[in-house]
Amino acid sequence: MVIMKFGLNESLTVSYYKVESNKIQNTIRIAFITDLHSCYYGEGQEDLLNCIYEQNPDVVLLGGDIVDDRLPSKNAAITLKALAEKYICYYVSGNHEYRSGKIDEIKKMISGYGVVILEGQRDTVNIKQQLINICGVDDADVGKSSFFQQIVNTEKQADSALFTIFMAHRPEYIKTYLQYDFDLILAGHAHGGQWRIPGVVNGLLAPNQGFFPKYAGGEYEFGDKTFIVSRGLARESTRIPRFFNPPEVVIVDISSIN
């Protein structure tokens, strides 16, 4: 019973990562959230929002499936509006937003709050007196040819002299992402593998990766490139409860190499 109690704990957690680069002078803090799926985090989403506020990020990145295809969009809308009022925010779409059949309506809502939607573009933003590239693509459900072309387009637009963040919903295309000049790659979608056994496996089952997925959640190094997969925030939207896999907000500190 004690194991079940701890295993089924769905309290919000924060996971911290550090990335170093000679392209950075002043430390930048990123909050990365994915797979909210319109889930409830307290009245006015205060549990999630206060968690992010406490981290004092410089920019908030939204890695898809913020809006669910079955649950009402109210909780997602509250979250998006509040974050956009306080931070620079960027969003890429997820598969459930496409599955809803309302992707255009969802994007219109999101952009209406002032969130920048990335669909194969890069934006160069000044944070703490330094320029960085933030790139992103739609979920693969936009259509495979469009998806791959968007990746090409983001790399073409990015200035490789600047630190470049690339955001996509799905981690299973990492071999494709690694072909391009991105310093930090961020993804979600895998929900941490849903069930996790501490110290044994990296999740039991993830969409599009199957059993014992390789990229379910955490940090993966590929030479000078860093790949971080968020376990996401989905709770009541999933048919199978999370097990030893609490929902998370990802915080990434990008700093100069000492």
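Using full-length UniProt numbering, the letters of the sequence shown correspond one by one to residues 1 to 258.
All C-beta atoms in this analysis are idealised placements derived from N, C-alpha and C, irrespective of residue type, glycine included.
Own chain, CB closer than 6 Å to residue i, minus 5 neighbours either side, in chain order
{"i": "residue 18", "result": "253"}
{"i": "residue 82", "result": "49"}
{"i": "residue 2", "result": "At residue 2 the pLDDT is 38, less than 50, meaning the model places this residue with poor confidence and gives no usable figure here."}
{"i": "residue 106", "result": "67, 97"}
{"i": "residue 124", "result": "131, 133"}
{"i": "residue 16", "result": "251"}
{"i": "residue 95", "result": "139, 141"}
Residue i and residue j closer than 7 Å at C-beta
{"i": "residue 45", "j": "residue 251", "result": "no"}
{"i": "residue 169", "j": "residue 191", "result": "no"}
{"i": "residue 202", "j": "residue 187", "result": "no"}
{"i": "residue 128", "j": "residue 22", "result": "no"}
{"i": "residue 255", "j": "residue 20", "result": "yes"}
{"i": "residue 122", "j": "residue 179", "result": "no"}
{"i": "residue 277", "j": "residue 221", "result": "Lying outside 1 to 258, the shown extent of the chain, residue 277 is not represented and no answer is given."}
{"i": "residue 181", "j": "residue 160", "result": "yes"}
{"i": "residue 93", "j": "residue 64", "result": "yes"}
{"i": "residue 163", "j": "residue 78", "result": "no"}
Cβ-Cβ separation, residue j to residue i (assumed contact under 8 Å), whole Å
{"i": "residue 90", "j": "residue 136", "result": "6 Å"}
{"i": "residue 261", "j": "residue 225", "result": "Residue 261 cannot be examined here, being either before or after the span of the chain that is shown, 1 to 258."}
{"i": "residue 51", "j": "residue 80", "result": "Not confirmed; about 16 Å, so no contact."}
{"i": "residue 47", "j": "residue 41", "result": "4 Å"}
{"i": "residue 234", "j": "residue 247", "result": "7 Å"}
Buried or exposed (CB count within 10 angstroms, at least 16 for buried), residue i
{"i": "residue 249", "result": "buried"}
{"i": "residue 87", "result": "buried"}
{"i": "residue 32", "result": "buried"}
{"i": "residue 132", "result": "buried"}
{"i": "residue 28", "result": "buried"}
{"i": "residue 139", "result": "buried"}
{"i": "residue 69", "result": "buried"}
{"i": "residue 223", "result": "exposed"}
{"i": "residue 104", "result": "exposed"}
{"i": "residue 258", "result": "exposed"}
{"i": "residue 207", "result": "exposed"}
{"i": "residue 14", "result": "exposed"}
{"i": "residue 211", "result": "exposed"}
{"i": "residue 126", "result": "exposed"}
{"i": "residue 232", "result": "buried"}
Cut-off 8 Å between Cβ atoms - residues of its own chain near residue i, not counting five sequence neighbours on either side
{"i": "residue 57", "result": "29, 30, 31, 87, 251"}
{"i": "residue 84", "result": "113, 114, 115"}
{"i": "residue 75", "result": "36, 38, 39, 40, 41, 45"}
So, do the stretch 106-118 and the stretch 140-149 have three or more beta carbon pairs nearer to each other than 8 Å?
The stretch 106-118 is not in contact with the stretch 140-149.
Would you call the stretch 104-111 in contact with the stretch 151-171, where contact means no fewer than 3 C-beta pairs closer than 8 Å?
At 8 Å Cβ cutoff, the stretches do not touch.
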